[in-house]
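Chains as they are written, first to last, in this note's numbering: chain A, 1 to 343; chain B, 1 to 339.
Built from N, CA and C at the ideal position, the CB exists for glycine as well.
Each remark here refers to the structure printed beneath this line.
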């Protein structure tokens, strides 16, 4: 495992996963333009960006969590819970800004529960977040049942659907740009970021170097909760609708984006730039397919396949490389052996 | 090592056995919940309601058998619900397109289809070396997406399915539904296989310590593949039985059922960290969950609460397992501290 991991890293260093991703994005843009004349239009691009803004938001803290070798599967459920809670509070005529604050707090609480169970009891994050995936979605159903809340004031719907004046960038996407910048600085230019890589690279070594692993992981899970809640609020305003099943299955796309972005399963590796590029790639692919009238179920197949391929491909490359190296060494040994016998 | 280790050895008196083993505490819990609900509503143990309970638990319990093998090896299979969905519709479409096809052939085809889908998981996990969570999360959506595309809004109804096949889900033998008999027989096979046979012990060995398993000469990737093939085949069988039980199948059949199966397995004492647990316990876990949800229905708790309860129980079970493992480790340390 560690052998192949090392050669994956060596390979990634040589070629640069971001370069490959950027090329793929370029190919996708060219392909989309050739395939469909509606692709390279202002309206389509604001659609394209708006359509993956929730997943993009969720993917940011998630990639940091995966770099520390943990995972958060409950993100989509926290999104649904936040959307439902906002709906319930609006039904009780609570002012929306107050409702937003409460939703973000609820998200923080959910994330803290994940973090608490994982950090304090040393439980595997995979198991815990499968549990909270059911629990938080269950809460969403308890909060809203099978009702839908749709009568949001128009100014919020305008935020959900609007664009930054004179550009094609949707207003909610600005949130993502700001947060992506924050996460980029955090991960690549602060000690916190170095500590995150350290934990993923070798948790024991990180502990002995004085990294407060528990606190850092706790904070990451809380960040995941808050940002998932934020994504839930964005989702609610974009569709002017709160339902308990909002965003079901978003965790798949978010996780796919994280792994496609070059974050490895073994942790300790990955960049914000890579994740942003892979989000863009997934967004473009989905958009091109939607423009081509491909059914939404096929989109699911594509996303699932992207997730698997994003890990299968580096694994295959690494193991072929490893086999080649072994073969070379074998040859060298036979050569040396032959030489010594001749002597 | 003489006196203080006595209680740890257990086995003194039936009550000790009952409380110390996970199976025992599960039986107690199930009994407690049954008595409680019956005292509130005597109809809870009426023959009809018991039959419903057995039917409800059967398909989950069947899937739990495959999931146990997987979780014992420290893996997870999220894709089972989608395999059940595909094979359920496949069974229905076979009956529609080939009237008069023998039921046993349909079941066999469903099992083979499940085996093939499980084979995709197996190949990706064992030879593609992709973590099981990622693989099966991907195939959960890929299989379901393929199912939606294939079904394309169609539906199989009970009128399309021969009565003899539907009888598996309705008629009883000595008071127990045939569906439940099938699950019980497989339960015995799995219990003996995991306990007595080499392959079963290898599953445990891989879960307790993968590196040690490799050093002990176990072909880990082959065993992983076997596990996912078993899980797929079981899901295929469950798909055919799903059709027999419900009669109606559309593209959404069995969606989300993987959460109940995993929760049952873990509540039943199969540790998510691998190497610990039995199929009997896991099936009792499924029974407990089923009794619990009927209790909620009988107590008129809104059905929206079910999922939250399920999640909470899964979390509780994981936490309890971790606590017990921690205590056991402490006890071992005390026991051997004089060495």
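Where the alpha helix (DSSP H) containing residue 217 of chain A begins and where it ends: Annotation for residue 217 of chain A: the continuous alpha helix (DSSP H) segment containing it runs 213-239.
Cβ closer than 7 Å: which chain C residues qualify as neighbours of residue 304 of chain B? Here the protein chains are A and B, and chain C is not one of them.
Which residues, in order along the segment 115-129 of chain A, keep a beta-carbon less than 8 Å from a beta-carbon of chain B? Listed by position, the residues of the segment 115-129 of chain A near chain B (Cβ gap below 8 Å) are 117, 121, 122, 123, 124, 126, 127, 128.
Neighbour flag for residue 100 of chain A against chain B, beta carbons, 8 Å: By this cut-off, residue 100 of chain A is not an interface position.
Reference residue 113 of chain A, options A:280, A:276, A:218, closest by Cα: When only C-alpha atoms are compared, the closest one is A:218.
On the CB-based measure, 16 or more other CB atoms within 10 Å of its CB, does residue 154 of chain A come out buried or exposed? Residue 154 of chain A sits exposed, since fewer than 16 C-beta atoms from the chains shown fall within 10 Å of its C-beta.
Which one or two residues does DSSP pair with residue 173 of chain B in a beta bridge? Beta-bridge partners assigned by DSSP to residue 173 of chain B: B:176.
Sheet register partners of residue 242 of chain A (DSSP bridge): DSSP output for residue 242 of chain A lists A:149 as bridge partner(s).
I need the straight-line Cα distance from residue 116 of chain B to residue 232 of chain B, nearest angstrom please. Our two residues, residue 116 of chain B and residue 232 of chain B, have alpha carbons roughly 7 Å apart in a direct line.
Counting pairs of Cβ atoms below 8 Å between the segment 181-195 of chain A and the segment 32-43 of chain A, do you hit three or more? The segment 181-195 of chain A vs the segment 32-43 of chain A: no contact.
Just the chain A side, please: which residues come within less than 7 Å of residue 307 of chain B by C-beta, in chain order? Near residue 307 of chain B (Cβ distances below 7 Å), the residues of chain A are 134, 137, 138, 141.
Can you name the residues that DSSP bridges to residue 42 of chain B? Note: residue 42 of chain B sits in no beta bridge, so no partner.
Which one or two residues does DSSP pair with residue 163 of chain A in a beta bridge? Note: residue 163 of chain A sits in a beta bridge opposite A:170.
Is residue 143 of chain A helix, strand or coil by DSSP? Here residue 143 of chain A sits in helix by DSSP.
Using CA atoms only, rank isn't needed, just tell me which of B:257, B:319, B:127 is closest to residue 316 of chain A. With distances taken between Cα atoms, residue 316 of chain A lies closest to B:127.
Any beta-carbon of chain B closer than 8 Å to the one on residue 297 of chain A? At least one chain B Cβ lies under 8 Å of residue 297 of chain A.
Taking 7 Å as the cut-off, is the beta-carbon of residue 310 of chain A closer than that to any non-hydrogen atom of the ligand MN? In the structure shown, the ligand MN is absent, as is every other ligand, since no ligand is present at all.
Who are the neighbours of residue 135 of chain B on chain A, taking C-beta pairs under 7 Å? Those within 7 Å of residue 135 of chain B in chain A are 308.
Any idea what DSSP makes of residue 279 of chain B, helix, strand or coil? DSSP places residue 279 of chain B in the helix class (H, G or I) of the three-state scheme.
For residue 106 of chain B, does the three-state DSSP call read helix, strand or coil? Three-state DSSP puts residue 106 of chain B in a helix.
Do we get a CB-CB distance below 8 Å when we pair residue 192 of chain B with the residues of chain A? By this cut-off, residue 192 of chain B is not an interface position.
How big is the Cα-Cα spacing for residue 143 of chain A and residue 88 of chain A? When rounded, the distance between both Cα atoms is 7 Å.
Residue 264 of chain B versus residue 132 of chain B: straight-line alpha-carbon distance, rounded: Their backbone Cα atoms lie some 19 Å apart in a straight line.
Residue 19 of chain A to residue 261 of chain A span [Cα, whole Å]: Answer to the nearest angstrom: the Cα atoms are 11 Å apart.
Simplified DSSP state of residue 156 of chain B, which is helix, strand or coil: In the structure shown, residue 156 of chain B sits in a strand (DSSP, three-state: E or B).
Alpha carbon of residue 62 of chain A to alpha carbon of residue 105 of chain A, nearest angstrom: As the crow flies, the alpha-carbon of residue 62 of chain A is around 18 Å from that of residue 105 of chain A.
With a Cβ-Cβ cutoff of 8 Å, do residue 236 of chain A and residue 86 of chain A count as a contact? Cβ atoms of residue 236 of chain A and residue 86 of chain A: closer than 8 Å.
Can you tell me which of the three DSSP states residue 249 of chain B falls into? Note: residue 249 of chain B maps to strand in three-state DSSP.
So within the segment 45-85 of chain A, which uninterrupted beta strand (DSSP E) runs reach at least 3 residues, ignoring any that extend past its ends? Runs of the beta strand (DSSP E) inside the segment 45-85 of chain A: none found.
Compute the Euclidean distance between the alpha carbons of residue 220 of chain A and residue 74 of chain A, then round it to the nearest angstrom. Straight-line Cα distance between these residues: approximately 14 Å.
Buried or exposed, going by whether 16 or more other CB atoms sit within 10 Å of the CB of residue 64 of chain A? Classification for residue 64 of chain A: buried.
Residue from B:230, B:285, B:57 with nearest C-alpha to residue 112 of chain B: Ranking B:230, B:285, B:57 by Cα distance to residue 112 of chain B puts B:230 first.
Residue of A:118, A:152, A:333 minimising C-alpha distance to residue 95 of chain A: Here the closest residue by C-alpha is A:152.
Check whether the Cβ of residue 315 of chain A lies closer than 8 Å to any Cβ atom in chain B. Residue 315 of chain A belongs to the set of residues whose beta carbon lies under 8 Å from a beta carbon in chain B.
Are there three or more Cβ pairs, one per stretch, closer than 8 Å when the segment 136-148 of chain B is compared with the segment 299-306 of chain A? The segment 136-148 of chain B makes contact with the segment 299-306 of chain A, as at least three CB pairs between them are under 8 Å.
Touching or not, the segment 122-137 of chain A and the segment 296-311 of chain B, by the rule of three or more beta carbon pairs under 8 Å? Because the criterion of three Cβ pairs below 8 Å is met, the segment 122-137 of chain A and the segment 296-311 of chain B touch.
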